[in-house]
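A.B. asks: Counting in full-length UniProt numbering, the sequence shown runs from 1 upward without gaps.
Just so you know, even glycine gets a beta-carbon here, dropped at the ideal spot from N, CA and C.
This structure is a prediction, so every number in the text was calculated from the model and none was measured.
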Amino acid sequence: MADKLIIFDTTLRDGEQSPGASMTKDEKLRIARQLERLKVDVIEAGFAASSNGDFEAVQSIANVIKDSTVCSLSRANDRDIARAAEALKGANSARIHTFIATSPLHMEKKLRMTPEQVLEQATQAVRFARNLVGDIEFSPEDGYRSDPDFLCRVLEAVIREGATTINVPDTVGYAIPELYGNFIKSLRERIPNSDKAIWSVHCHNDLGMAVANSLAGVKIGGARQIECTINGLGERAGNCSLEEVVMAVKTRRDYFGLDVGIDTQHIVAASRMVSQTTGFVVQPNKAVVGANAFAHASGIHQDGVLKARDTYEIMRAEDVGWTANKIVLGKLSGRNAFKQRLQELGVALESEGEINAAFAKFKELADRKSEIFDEDILALVSDESVSSEKERYGFVSLSQHSETGERPQARIVFTVAGKEVQGTSEGNGPVDASLKAIEAHVQSGAEMVLYSVNAISGSTESQGEVTVRLQSAGRVVNGVGADPDIVVASAKAYLSALNKLHSTAERVAAQG
Ligand code: KIV
Ligand code: ZN
């Protein structure tokens with residue numbers, strides 16, 4: 001029987017560390033459910049000690065997720081570890097992931113600790129954690145740039161204390177596949193008790209090699225866990241992308257000879273959910289989940305695919321959850337058809353109230369747009385105003401006037417803590433006027449650092465999906481809004497970003 005490759009998803013922890021990708025507790029919960037549907041083995045739900053918000057997110061994910069192990073990150077100190085254990089109490093299967101930096105640069109400049117102190121702290125942390133939870137992962141941060149002799153001492157010691165998984169991060173994305181693979185191999189060969197732990201790879205994508213490095217860690221190094229994120233989300237250039245690494249191991253099973261438990265048909269829905277929640281748009285030519293990943297533009301390719309699809313296709317689009325861009329529902333569709341389509345798309349709304357709210361929005365959209373595609377439905381359920389009673393700001397209505405040669409004007413009605421207010425403004429264009437009308441009332445003073453519009457289903461009849469990134473007091477958040485009217489979509493995106501600014505608490509940085 002082939003070995004199993006464990007898929008450890010860190011979208012909700014390392015992915016969320018990407019500037020602007022911070023998520024609310026409900027958003028994290030929704031993504032965690034999708035990850036469970038994907039049959040991810042381990043979900044790193046957050047960093048419980050970093051903020052009360054993250055503690056609650058880890059706790060609620062631990063209470064709800066039944067089929068995947070739920071993990072919390074924790075620095076190598078008793079307080080963080082106890083907090084992680086507390087948040088994970090309700091989990092069916094819990095893991096604590098504790099880490100401390102081991103590279104000379106990080107120990108000297110960041111931690112201001114000697115190697116002996118780091119060794120002592122790592123050992124103590126694992127000993128303490130092991131008394132609280134049976135499943136302990138240890139990461140030597142910046143492991144790949146650490147001195148191999150010192151790393152061997154640290155890893156041997158933490159395995160002796162009971163660490164069950166050893167994860168070797170390439171924290172800054174500096175590795176090269178062959179070198180990283182051999183690095184893991186040599187650690188495993190040199191450490192006498194290395195067979196007592198599962199070895200894991202964690203690669204960042206600064207040189208665009210996170211997936212290649214992770215696969216080399218598996219093939220050459222013998223690692224049996226890969227840490228990755230949906231869409232490769234993560235700090236700077238991101239992490240190893242789950243969809244790419246999983247499809248590589250599945251498609252080239254002849255080479256890797258490993259089993260992965262992922263139900264790949266939920267990949268595209270997961271990708272869209274993460275993209276719509278964080279506002280990080282997926283590039284069209286992104287492998288597996290990009291809009292063009294299975295599109296054949298050249299005549300020769302199209303001809304070949306029509307004659308025999310494997311002339312140019314190494315994977316089947318439907319195996320990763322792409323459905324034909326067909327009209328799925330319309331104005332006359334009922335609640336049951338809508339609910340069933342949501343289930344087929346892998347979207348589980350938690351309560352009847354949420355289904356009703358989403359259905360009301362669907363009807364509203366169907367009145368304005370005769371053909372509703374899967375992408376429209378996914379955008380609609382990701383729209384925060386589905387659960388708007390919990391949000392501080394909610395969109396109500398907008399009117400705007402623009403005419404050649406005149407300065408556009410907008411009037412917007414929205415809710416602030418449930419109370420309707422309105423704002424009016426002029427602007428350079430209708431979008432500018434609408435956002436200024438919101439700002440005239442809210443006066444957040446936030447700086448807009450990104451504004452982007454994307455047509456969800458590719459034609460002028462489609463919904464526009466707008467991402468707005470705001471920066472305020474050192475925090476960066478993304479808001480996303482969708483509507484057939486891009487001015488309305490922009491106003492929704494702006495309000496969604498304001499909601500995030502309002503709710504995101506200060507955090508302790510994982511690698512700070
Ligand atoms: O990249 C890294 O080193 C990490 C650790 C905290 C595991 O994310
Ligand atoms: Zn990382």
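How about Asp-14: is its Cβ closer than 6 Å to a heavy atom in the ligand GDP?
C.D. replies: The ligand GDP is absent from the structure shown, which contains only the ligand KIV and the ligand ZN.
A.B. asks: I'd like the span of the beta strand (DSSP E) that includes Cys-203, first residue to last.
C.D. replies: From DSSP, the beta strand (DSSP E) with Cys-203 extends over 198-203.
A.B. asks: So, under 8 Å CB-CB, Ile-262 and Lys-39 are touching, yes? Tell me the CB distance rounded to an integer number of Å.
C.D. replies: Correct: roughly 6 Å between the Cβ atoms.
A.B. asks: Do you know offhand how far Gly-429's Cα is from Glu-406's?
C.D. replies: Answer to the nearest angstrom: the Cα atoms are 10 Å apart.
A.B. asks: Taking the runs of the beta strand (DSSP E) that are 3 residues or longer, which of them lie wholly in the segment 191-260?
C.D. replies: List check, beta strand (DSSP E) in window: 198-203, 225-228.
A.B. asks: Please report how far the alpha carbon of Ser-351 lies from the alpha carbon of Ile-6, in whole angstroms.
C.D. replies: Cα-Cα distance, rounded: 32 Å.
A.B. asks: Taking Ala-223 as the reference, give the member of Asn-239, Val-42, Phe-183 with the closest Cα.
C.D. replies: Closest by alpha carbon: Phe-183.
A.B. asks: Once you ignore the five residues that flank Ala-216 on each side, which residues in its own chain have a CB closer than 8 Å to its CB?
C.D. replies: Hits under 8 Å: Pro-177, Glu-178, Tyr-180, Gly-181.
A.B. asks: Quick one: grab the DSSP three-state call for Ala-308.
C.D. replies: Residue state, collapsed to three classes: coil.
A.B. asks: For the alpha helix (DSSP H) holding His-441, just list the boundary residues, first then last.
C.D. replies: Segment 430-442, the alpha helix (DSSP H) holding His-441.
A.B. asks: Excluding five sequence neighbours on each side, which residues of the same chain lie with their C-beta closer than 6 Å to the C-beta of Ala-237?
C.D. replies: Only Asn-205, Asp-206 meet the Cβ criterion.
A.B. asks: Pair every Cβ in the segment 389-401 with every Cβ in the segment 496-504, then say whether three or more of these pairs are closer than 8 Å.
C.D. replies: As far as the Cβ criterion goes, the segment 389-401 touches the segment 496-504, which means the pair count is three or higher.
A.B. asks: Around the Cβ of Ile-61, are there at least 16 other Cβ atoms within 10 angstroms (buried) or fewer (exposed)?
C.D. replies: By the neighbour-count rule (16 or more Cβ atoms within 10 Å), Ile-61 is buried.
A.B. asks: How many Å lie between Ala-212 and Ser-139 at the Cα?
C.D. replies: If I take the Cα positions, the gap works out to 20 Å.
A.B. asks: Just checking Ser-214 against the ligand KIV - is the residue's beta carbon closer than 6 Å to any of the ligand's heavy atoms?
C.D. replies: No, the ligand KIV has no heavy atom inside 6 Å of this Cβ.
A.B. asks: Which whole-angstrom value describes the C-beta separation of Gly-53 and Leu-12, a residue pair presumed to lie in contact below a C-beta threshold of 8 Å?
C.D. replies: That belief does not hold up - the Cβ atoms of Gly-53 and Leu-12 are roughly 12 Å apart, past 8 Å.
A.B. asks: Could you pull out every unbroken beta strand (DSSP E) segment of at least 3 residues lying fully inside the segment 378-420, listed in chain order?
C.D. replies: For the segment 378-420, whole beta strand (DSSP E) runs of length 3 or above, ordered along the chain, are 393-401, 409-416.
A.B. asks: Enumerated in chain order, which unbroken segments of the beta strand (DSSP E) with a length of 3 residues or greater are wholly contained in the segment 110-171?
C.D. replies: The qualifying runs are 136-141, 165-170.
A.B. asks: Under 8 Å Cβ to Cβ from Asp-3, same chain only, skipping five residues before and after it: list those, please.
C.D. replies: Excluding sequence neighbours, Asp-3 sits near Arg-224, Gly-257, Leu-258, Asp-259.
A.B. asks: Check whether the Cβ of Pro-177 lies closer than 6 Å to any heavy atom of the ligand KIV, and answer yes or no.
C.D. replies: Because no heavy atom of the ligand KIV lies under 6 Å away, the Cβ of Pro-177 does not count as near it: no.
A.B. asks: Using three-state DSSP, classify Gly-15 as helix, strand or coil.
C.D. replies: Gly-15 falls in the helix class under three-state DSSP.
A.B. asks: Look at the Cβ atom of Gln-400, then the Cβ atom of Val-487, and state whether they are nearer than 7 Å.
C.D. replies: Yes, the Cβ-Cβ distance between Gln-400 and Val-487 is below 7 Å.
A.B. asks: So what's Glu-447 in DSSP terms, helix, strand or just coil?
C.D. replies: Reduced to three states, the DSSP call for Glu-447 is strand.
A.B. asks: Which term fits Glu-108, buried or exposed, when burial requires 16 or more other beta carbons within 10 angstroms of its beta carbon?
C.D. replies: Its Cβ having fewer than 16 others within 10 Å, Glu-108 is exposed.
A.B. asks: On the DSSP letters alone, give me the boundaries of the beta strand (DSSP E) that Ile-96 sits inside.
C.D. replies: Start and end: 94-101.
A.B. asks: Under a three-way DSSP split, which group does Gln-463 fall into?
C.D. replies: Reduced to three states, the DSSP call for Gln-463 is coil.
A.B. asks: Can you check which of these residues, Arg-190, Met-209, Asp-170, is closest to Ser-200 by C-alpha distance?
C.D. replies: Here the closest residue by C-alpha is Asp-170.
A.B. asks: What do you get for Gly-279, buried or exposed, if any count of 16 or more other CB atoms within 10 angstroms of its CB means buried?
C.D. replies: The residue in question, Gly-279, is buried, as its Cβ has 16 or more Cβ neighbours within 10 Å.
A.B. asks: Taking only heavy atoms of the ligand KIV into account, decide whether any of them is closer than 6 Å to the Cβ of Thr-11.
C.D. replies: Every heavy atom of the ligand KIV is 6 Å or more from the Cβ of Thr-11, so no.
A.B. asks: Among Glu-189, Gly-464, Ala-210, whose alpha-carbon lies nearest the alpha-carbon of Lys-369?
C.D. replies: Answer by Cα proximity: Gly-464.
A.B. asks: Using DSSP bridges, identify the partner residues of Ser-60.
C.D. replies: In the DSSP output, where bridge partners are listed per residue, Ser-60 has none listed.
A.B. asks: Kindly identify the DSSP beta-bridge partner or partners of Thr-69.
C.D. replies: Thr-69 is bridged to Val-42.
A.B. asks: Could you pull the start and end residues of the beta strand (DSSP E) that Arg-316 belongs to?
C.D. replies: Run containing Arg-316: none; DSSP gives neither H nor E here.
A.B. asks: Taking 8 Å as the threshold, find out whether the segment 124-136 comes into contact with the segment 158-167 through three or more Cβ pairs.
C.D. replies: Counting Cβ pairs under 8 Å, three or more are found: they touch.
A.B. asks: Work out the CA separation of Ala-482 and Thr-98 for me, nearest whole Å.
C.D. replies: Straight-line Cα distance between these residues: approximately 39 Å.
A.B. asks: So, with DSSP's three-state summary, where would you put Lys-4?
C.D. replies: Correct three-state label for Lys-4: strand.
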